[in-house]
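Engineer: Residue numbers (the working numbering): 10 to 90.
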Amino acid sequence: MTDSLTITSIFLLGCLHALEPGHGKTFLLAYTIGGKLDLRKILLLTASLLVSHFGVLTAIAILFNLIIAEFANEFIYDISH
């Protein structure tokens with residue numbers, strides 16, 4: 010139950026985060042309206058933004074998970090000894 014709630018919360022927060030300013034939406038809109046990008050280029054640029062954003066966030070999540078796990082192990086060791 011907790012895992013599904015966590016994943017659902019992360020997904021919904023990610024959707025809200027995507028609606029915030031930035032993430033290339035203005036750039037894509039301006040170039041699309043200006044006729045400088047066709048559908049193939051728009052999809053390619055969108056996919057590259059998605060993959061790079063996901064990769065950076067995954068790396069940050071793994072790093073924080075390792076750091077928190079190390080501190081938790083040290084904390085438990087200090088308490089038990």
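Think of the CB as a built atom: it goes at the ideal place given N, C-alpha and C, for glycine as much as any other residue.
In terms of residues, what are the limits of the alpha helix (DSSP H) holding residue 50?
Structural biologist: Its alpha helix (DSSP H) spans residues 48-89.
Engineer: Where does residue 38 fall in DSSP's three states?
Structural biologist: It is helical.
Engineer: Determine whether the beta carbon atoms of residue 58 and residue 33 lie at a separation below 7 angstroms.
Structural biologist: In contact: residue 58 and residue 33 (Cβ atoms closer than 7 angstroms).
Engineer: Alpha carbon to alpha carbon, how far is residue 78 from residue 62?
Structural biologist: One C-alpha to the other measures close to 24 angstroms.
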